[in-house]
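Participant: So that we are looking at the same thing, I have put the structure below in structure tokens.
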Amino acid sequence: MIRVILLLIFLVVGLIVGPNLVGEKGYVLIALKNTTIEMSVISLGIMVFVAVIGFLVLEWAIKRIVGAVTGSRHWLGGWGERRRQRFFTTGMQALAEGDLGVAQKFLGKTTNANFDGLNLLALADVEAKQGNTVKALGYWQQASLIKGSELAAKLNMARFEIGQNNGVEALAIIESLSMQQKQKPNVIEIWAGALAAAGEWHALRERLAGGWKKPLGERYSHWSELASQADFAAIANTSGANELIQEWHKLPRGYKKDIAHQKAYIEQLINQGMHQEAEKALVTAQKSGPHDTLLPLFKSLQLPKPIASIKLIEKWIKKDMQNAVLYSTLAHVAFHSGDEILAEKALQQALELDRRQEDILLLAEIKAQQANSDEALALYKQGLSAS
């Protein structure tokens, strides 16, 4: 731009001064060893003007040629940039279509281009899907150094480590994020997965209770149940059922009201053979009515006198006499207590409402114990064909 302005200034000066020099007789003499050049002042001015124009044109041409050969930033501002944009677009379209070979080919030509790391993320995705984990990690590492794609790259690396069951490595990646990034729901979801992969169940349970319920939304129940099951199992297996019961009583009331936590706790009591405590917990948790998550656990109770359970289930049946699930639950509780008469009666009621496979097979088992082999065989056949 500066050169153009100077050129215009020289041109204006020439237009003003030129006419005054037309009548001048002055000349310029250039004497060389074997040559003498003689010209007028006007001729010299014209030659200088033409030389400047020629120099500018030559400079422009050289820059464009060098840019085309080296792929410089100036060239990317024109044809080169459009070319790489086409590579990027074609590669992304191929990735969306599932044509990984084409996607790899075209995205691989954009590694030195500036797409805010999106090209590197896409290329890493392609390599990961093709099983080239080393290359995928390399591209994620490159993308993590770019501000616009840092978070996405690190989350992908964390997911990869979780998939490899490398929870400790995944947690290290999560810890490298900023406090603001750690508060995002998608980050918390991966964080929970990293804690699970690392076997940090107690830490996960504390995180869930400490403020992860809202950001996790519907996924909270999944992680809460998983963490409680694993943590309670670890306590029971390490310290025994009595220690588990003490740990449960220490927990905040709000935590113990959570259905997922109740289910995990009761399952561990049953696994540890603490059926009396499990029954007590089931009855207490469902005083206001049956819960779909807890109700099936009654069927696992092995008690000689499950008085509290039978009394509660019969109370529910009186309020909902068309509920096949309640009759089925009562039948299983009675059967495990040795009360075949009550079990058979409840099963007959359940099968009239809904012919479920587990109920048919349980009735077949009762008939077999009663030595009604023909009836038992017929029921077994029905049960195997039932859904």
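Residue numbering for the sequence shown follows this note's numbering, beginning at 761 and increasing consecutively.
Ideal Cβ placement from N, Cα and C applies to all residues, glycine included.
Treat the numbers as computed from the prediction; the structure is a model and nothing was measured.
In terms of residues, what are the limits of the alpha helix (DSSP H) holding Q1036?
Facilitator: First-last of the alpha helix (DSSP H) with Q1036: 1035-1045.
Participant: So A903 and L881 are in contact, right, with Cβ under 8 Å, and what is the actual spacing, rounded?
Facilitator: So it is a contact: roughly 5 Å between Cβ atoms.
Participant: Work out the CA separation of Q1006 and A1041 for me, nearest whole Å.
Facilitator: The alpha-carbon atoms of A1041 and Q1006 are separated by roughly 14 Å.
Participant: Determine the direct distance from the alpha carbon of R843 to that of Y1015, and round the result to whole angstroms.
Facilitator: If I take the Cα positions, the gap works out to 59 Å.
Participant: Pick out the complete alpha helix (DSSP H) segments inside the stretch 874-898, 4 residues or longer, and give them in chain order.
Facilitator: Complete alpha helix (DSSP H) runs here, min 4: 878-889.
Participant: Alpha carbon to alpha carbon, how far is I1030 from N997? Give it in angstroms, no decimals.
Facilitator: So the alpha carbons of these two residues sit roughly 13 Å apart.
Participant: Please name the residue, chosen from T850, A1091, L1102, Q943, that lies closest to L1121 on a Cα-to-Cα basis.
Facilitator: Among T850, A1091, L1102, Q943, the Cα nearest to that of L1121 is on A1091.
Participant: Which one of L1011, L976, Y1025, K974 has the shortest CA to CA distance from A990?
Facilitator: Checked all of L1011, L976, Y1025, K974; the closest Cα to A990 is Y1025.
Participant: DSSP beta-bridge partners for T796?
Facilitator: Paired residue(s): A791.
Participant: Could you say which of V1043, E819, S1088, L1139 lies nearest to K1059 if we only look at CA atoms?
Facilitator: Considering only alpha carbons, the answer is S1088.
Participant: Does DSSP put L836 in a helix, a strand or coil?
Facilitator: In this prediction, L836 has a pLDDT of 43, which is less than 50 and means its spatial position is unreliable; what the coordinates show is noted afterwards. Here L836 sits in helix by DSSP.
Participant: For L855, which of S984, Q924, N879, R1116 has the nearest alpha-carbon?
Facilitator: If we check each option's Cα against that of L855, N879 comes out closest.
Participant: So, using beta-carbon positions, are A1128 and A1138 closer together than 7 Å?
Facilitator: Cβ distance not < 7 Å, so A1128 and A1138 don't count as in contact.
Participant: Out of curiosity, what's the CA-to-CA distance linking W951 and E985?
Facilitator: W951 and E985: Cα-Cα distance of roughly 16 Å.
Participant: Taking Q901 as the reference, which of M807, A918, V1093, K823 has the closest Cα?
Facilitator: Nearest of M807, A918, V1093, K823 to Q901, Cα basis: A918.
Participant: Between the alpha carbons of H982 and T1044, how many angstroms are there, rounded?
Facilitator: Those two C-alpha atoms are separated by around 23 Å.
Participant: Which same chain residues, not among the five before or five after H1021, have their C-beta less than 7 Å away from its C-beta?
Facilitator: Correct list, in chain order: S984, S988, Y1015.
Participant: Cα-Cα, which of A957, G1049, V947 is closest to L976?
Facilitator: Measuring from the Cα of L976, the nearest candidate turns out to be V947.
Participant: Tell me which same chain residues have a C-beta within less than 7 Å of the C-beta of Y899, skipping the five on either side of it?
Facilitator: Counting only Cβ-Cβ distances below 7 Å, and skipping sequence neighbours, we find L880, L883, A884, E887.
Participant: Please state whether DSSP places E1112 in a helix, a strand or coil.
Facilitator: Of the three classes helix, strand and coil, the one that applies to E1112 here is helix, per DSSP.
Participant: Threshold first: 4 residues or longer. Then list the alpha helix (DSSP H) segments lying entirely within the stretch 1014-1101, N to C.
Facilitator: DSSP runs (the alpha helix (DSSP H)) wholly in the stretch 1014-1101: 1019-1031, 1035-1045, 1067-1079, 1084-1097.
Participant: The alpha helix (DSSP H) spanning K907 covers which residue range?
Facilitator: Per DSSP, K907 belongs to no alpha helix (DSSP H) and is neither H nor E.
Participant: Spatial neighbours of K942 within its chain, please: C-beta separation below 8 Å, excluding the five flanking residues on both sides.
Facilitator: Within the same chain, K942 has close Cβ partners I934, I948, W951.
Participant: How is D1119 classed by DSSP in three states: helix, strand or coil?
Facilitator: DSSP places D1119 in helix when its eight states are reduced to three.
Participant: Look at the Cβ atom of A963, then the Cβ atom of G927, and state whether they are nearer than 7 Å.
Facilitator: In this structure, G927 does not lie closer than 7 Å to A963 by Cβ.
Participant: For V1093, count neighbouring C-beta atoms within 10 Å of its own C-beta (all shown protein chains included) and say buried if the count is 16 or more, exposed if not.
Facilitator: That one is buried.
Participant: Confirm, please, whether the CB-CB distance from F875 to F1155 is below 7 Å.
Facilitator: The displayed coordinates of the chain run from 761 to 1147. Any statement about residue 1155 would go beyond what the structure contains.
Participant: Is E1135 helix, strand or coil when you go by DSSP?
Facilitator: Correct three-state label for E1135: helix.
Participant: Pick from R965, I1019, W1076, H1035: whose alpha carbon is nearest that of T1053?
Facilitator: Checked all of R965, I1019, W1076, H1035; the closest Cα to T1053 is I1019.
Participant: Where does D991 fall in DSSP's three states?
Facilitator: Helix at D991.
Participant: Cα separation between K907 and A811?
Facilitator: Their Cα atoms are separated by approximately 48 Å.
Participant: Just to confirm, are L915 and K889 a CB contact at a threshold of 7 Å?
Facilitator: No, the pair does not count as a contact, with Cβ atoms beyond the cut-off.
Participant: Which residue from R824, A873, R965, T870 puts its Cα closest to that of P1012?
Facilitator: Out of R824, A873, R965, T870, R965 has the C-alpha closest to the C-alpha of P1012.
Participant: Ignoring anything shorter than 4 residues or poking outside the stretch 965-1011, list the alpha helix (DSSP H) runs there in chain order.
Facilitator: Whole alpha helix (DSSP H) segments, 4+ residues: 973-976, 979-999, 1001-1010.
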